[in-house]
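Residue 34 is where the sequence shown starts when you use the working numbering, and the numbers rise one by one after that.
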Amino acid sequence: MFDKTIPMRALHVLMLLLINCQLAAQNLDEYYLSIQKRHAEAFDYNPEYRVNYIENIAIKTLYYSDIAVYQFRSLDTGTNIELNPVAESLIGFSMDYKWFGLTLSFAPDFLLSSEDQNLVKNSRSLKIDLTGFYSDQWGQSLTILFNKGFNVDFSTDLSPEEIKALQNTEFQYYGGSTFFIVNQNFSYRANFNQTERQLKSAGSFLPRLTYAYSVTKPDLTAVNTDLLAKKIRSFDLIADLGYYYNFVLHKKWYLTLGAQPGVGFNYTNYEVVDSPSEAFASINFAFNGEAGLGYNSYRWFFGLTGNWRNYNNTNNENDQINRDSAYFLLHLGYRFNDNKPMRKAFGWVEQTLGLDY
Numbered sequence: 034m035f036d037k038t039i040p041m042r043a044l045h046v047l048m049l050l051l052i053n054c055q056l057a058a059q060n061l062d063e064y065y066l067s068i069q070k071r072h073a074e075a076f077d078y079n080p081e082y083r084v085n086y087i088e089n090i091a092i093k094t095l096y097y098s099d100i101a102v103y104q105f106r107s108l109d110t111g112t113n114i115e116l117n118p119v120a121e122s123l124i125g126f127s128m129d130y131k132w133f134g135l136t137l138s139f140a141p142d143f144l145l146s147s148e149d150q151n152l153v154k155n156s157r158s159l160k161i162d163l164t165g166f167y168s169d170q171w172g173q174s175l176t177i178l179f180n181k182g183f184n185v186d187f188s189t190d191l192s193p194e195e196i197k198a199l200q201n202t203e204f205q206y207y208g209g210s211t212f213f214i215v216n217q218n219f220s221y222r223a224n225f226n227q228t229e230r231q232l233k234s235a236g237s238f239l240p241r242l243t244y245a246y247s248v249t250k251p252d253l254t255a256v257n258t259d260l261l262a263k264k265i266r267s268f269d270l271i272a273d274l275g276y277y278y279n280f281v282l283h284k285k286w287y288l289t290l291g292a293q294p295g296v297g298f299n300y301t302n303y304e305v306v307d308s309p310s311e312a313f314a315s316i317n318f319a320f321n322g323e324a325g326l327g328y329n330s331y332r333w334f335f336g337l338t339g340n341w342r343n344y345n346n347t348n349n350e351n352d353q354i355n356r357d358s359a360y361f362l363l364h365l366g367y368r369f370n371d372n373k374p375m376r377k378a379f380g381w382v383e384q385t386l387g388l389d390y
């Protein structure tokens, strides 16, 4: 069972580490200015449009609310069942340095909401995000998500046993995306992980390849049939092409707008009770819309990001599965000076992997 004290301990250790690093660091403003100039020259972008802060340690706290809905709909019978996590609000902590970023988020008890208190006690959510950049334009994100405990909304009568099975659903998600920033003067990271700052308004196309594997158990009950799904494994591969634009407001304020439509392939395997497994392949349609507003100075930064995502596919049994989520993210962060031991350690990795410039 997931131990909710583990994330708190991890946050405490990271905070102590970063405080010690800051106390040991010296004021090397000239050093950072020279690094920013060298970065712009190495990757051939105009330093009047964006500035890179990857040589600083950016830490932030965040409040994350992901209002997710997992919907099963039978187009033949009209059955409609919707699940949304009880632990849909999370708090977290992140650290970004050079080309690497880590975010850990979890749902404390006081943020859980449901009329069923037994369901609240057994509900958990944990989210881990890893980000990295192969170069100035190529980026990578990885996400691990665990949800247990769901509120259930349904249009057809369900037995108490079916409702309980649905409430106790566990959802595991392992996904990632590889993306490319076309316009080098556009700072995707200014809103993505706050390791840069947009100085003049700019936009860019952003092609992305997303891949994800998820496991749901027990899953949706197909009402009015003898089928009871006890585990669903799903794989998605989606290619999309989006466009993002950063509006710079009064030098240090920004507004980011973006849209990312895509199409891909979904493969789903249903493991059912006392029956052979069933597999379906289908076309997957996706859409991602995003808006962000924030303040970004050399040291302090904060902001609010809103996002809406939809994934829709219909299998060959005429059952439609939708994953729809709308989230907003509040963040508050500060950039520390790094220190020589950190630069040396990460520098060795950069040289080994060819990430230095």
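All residues carry an ideal CB built from backbone N, CA and C; glycine is no exception.
Tell me whether D190 is buried or exposed, calling it buried when 16 or more other Cβ atoms sit within 10 Å of its Cβ.
That one is exposed.
Distance between K285 and R266 (C-alpha atoms, nearest Å):
Roughly 45 Å between the two C-alpha positions.
Quick check: the Cα distance between A140 and L159, rounded to an integer number of angstroms?
In a straight line, the C-alpha of A140 is about 7 Å away from that of L159.
On a Cα-Cα basis, can you pick out the residue from Q200, F335 and A319 that is closest to G325?
If you compare the alpha carbons of Q200, F335 and A319 with that of G325, the shortest gap goes to F335.
F126 versus R230: straight-line alpha-carbon distance, rounded:
So the alpha carbons of these two residues sit roughly 20 Å apart.
Same chain, Cβ closer than 6 Å to N224, five either side skipped, listed in chain order
Result list for N224: T289 and G325, in chain order.
What did DSSP end up calling L232 once you bin it into helix, strand or coil?
DSSP places L232 in coil when its eight states are reduced to three.
Straight-line gap, V305 to K264 (C-alpha atoms, nearest Å)
Rounded to the nearest angstrom, the two C-alpha atoms are 7 Å apart.
Endpoints, the alpha helix (DSSP H) within which T202 is located
T202 -> no alpha helix (DSSP H), and no H or E assigned at all.
Which of the three DSSP states is assigned to E148 in this structure?
Reduced to three states, the DSSP call for E148 is coil.
W381 versus Y65: straight-line alpha-carbon distance, rounded:
Near 19 Å, if we compare the C-alpha coordinates of Y65 and W381.
How big is the Cα-Cα spacing for K70 and P80?
Spanning the two alpha carbons is a distance of roughly 8 Å.
Work out the CA separation of T301 and L282 for me, nearest whole Å.
Spanning the alpha carbons of L282 and T301 requires a straight line of approximately 45 Å.
For Y130 and R332, I'd like the C-alpha separation in whole angstroms.
Cα-Cα distance, rounded: 14 Å.
Out of curiosity, what's the CA-to-CA distance linking V256 and F187?
With a pLDDT of 43 at V256, under the threshold of 50, the modelled position of that residue is not reliable, and the figure given next carries that caveat. Each residue's CA atom was taken as its position, placing V256 and F187 some 10 Å apart.
Distance between I87 and T228 (C-alpha atoms, nearest Å):
Distance between the alpha carbons of T228 and I87: 6 Å.
One question on the structure: do W341 and A319 come within less than 8 Å of each other, judged by their Cβ atoms?
No, the pair does not count as a contact, with Cβ atoms beyond the cut-off.
Give me the Cα-Cα distance between F76 and D169, rounded to the nearest whole angstrom.
Taking the straight line joining both Cα atoms gives about 7 Å.
If you draw a straight line from the C-alpha of N60 to the C-alpha of P374, how long is it?
Bear in mind that the predicted position of N60 carries a pLDDT of just 46, short of 50, making it unreliable; the figure below should be weighed with that in mind. Those two C-alpha atoms are separated by around 15 Å.
Report the rounded CA-to-CA distance for N113 versus N218, giving the unit in angstroms.
The C-alpha of N218 is placed about 46 Å away from the C-alpha of N113.
Three-state secondary structure (DSSP) of Q384
Q384: helix per DSSP, three-state reduction.
Selection from T249, V296, F213 and S310 that minimises the alpha carbon distance to N317
Comparing Cα-Cα distances from N317 to each of T249, V296, F213 and S310, the minimum goes to V296.
Once you ignore the five residues that flank A384 on each side, which residues in its own chain have a CB closer than 8 Å to its CB?
Per the sequence shown, residue 384 should be read as Gln rather than Ala. Same-chain partners within the cutoff: there are none.
Nearest candidate by alpha-carbon position, reference L178, set G172, L163, S192 and V185:
Taking only the C-alpha atoms, the option nearest L178 is L163.
Give the list of continuous beta strand (DSSP E) stretches no shorter than 3 residues that lie fully inside the segment 300-341.
If we require 3 residues or more, the beta strand (DSSP E) runs fully inside the segment 300-341 come out as 311-329.
One question on the structure: do G208 and T249 come within less than 8 Å of each other, judged by their Cβ atoms?
The criterion of a C-beta distance shorter than 8 Å is not satisfied by G208 and T249.
Look at F204 and N184 and say whether their C-beta atoms are less than 8 Å apart.
Remark: C-beta atoms of F204 and N184 do not approach each other more closely than 8 Å.
Apply the 10 Å Cβ neighbour rule to K93 and answer buried if 16 or more other Cβ atoms are within range, or exposed otherwise.
Classification for K93: buried.
Please classify N155 as buried or exposed, where buried requires at least 16 neighbouring CB atoms within 10 angstroms.
When all chains shown are included, N155 counts as exposed.
Give me the Cβ distance between G134 and N226, rounded to the nearest whole Å; I'm assuming they're in contact under 8 Å.
Between N226 and G134 the Cβ distance is about 5 Å, and since that is below 8 Å, they are a contact.
Can you give, in chain order, each stretch of the beta strand (DSSP E) that sits fully within the segment 66-113 and has at least 3 residues?
Fully enclosed beta strand (DSSP E) runs of no fewer than 3 residues occupy 83-85 and 90-107 of the segment 66-113, in order along the chain.
Tell whether a beta-carbon distance below 8 Å holds between G172 and A120.
For G172 and A120, no; Cβs fall outside 8 Å.
Can L232 and Y221 be called in contact, C-beta distance under 8 Å?
No; because the gap between Cβ atoms is not below 8 Å, this pair is not in contact.
Determine the closest residue to A91 out of A378, Y344, Q104 and F369, with distance taken between C-alpha atoms.
Of the candidates A378, Y344, Q104 and F369, the one whose C-alpha sits nearest the C-alpha of A91 is F369.
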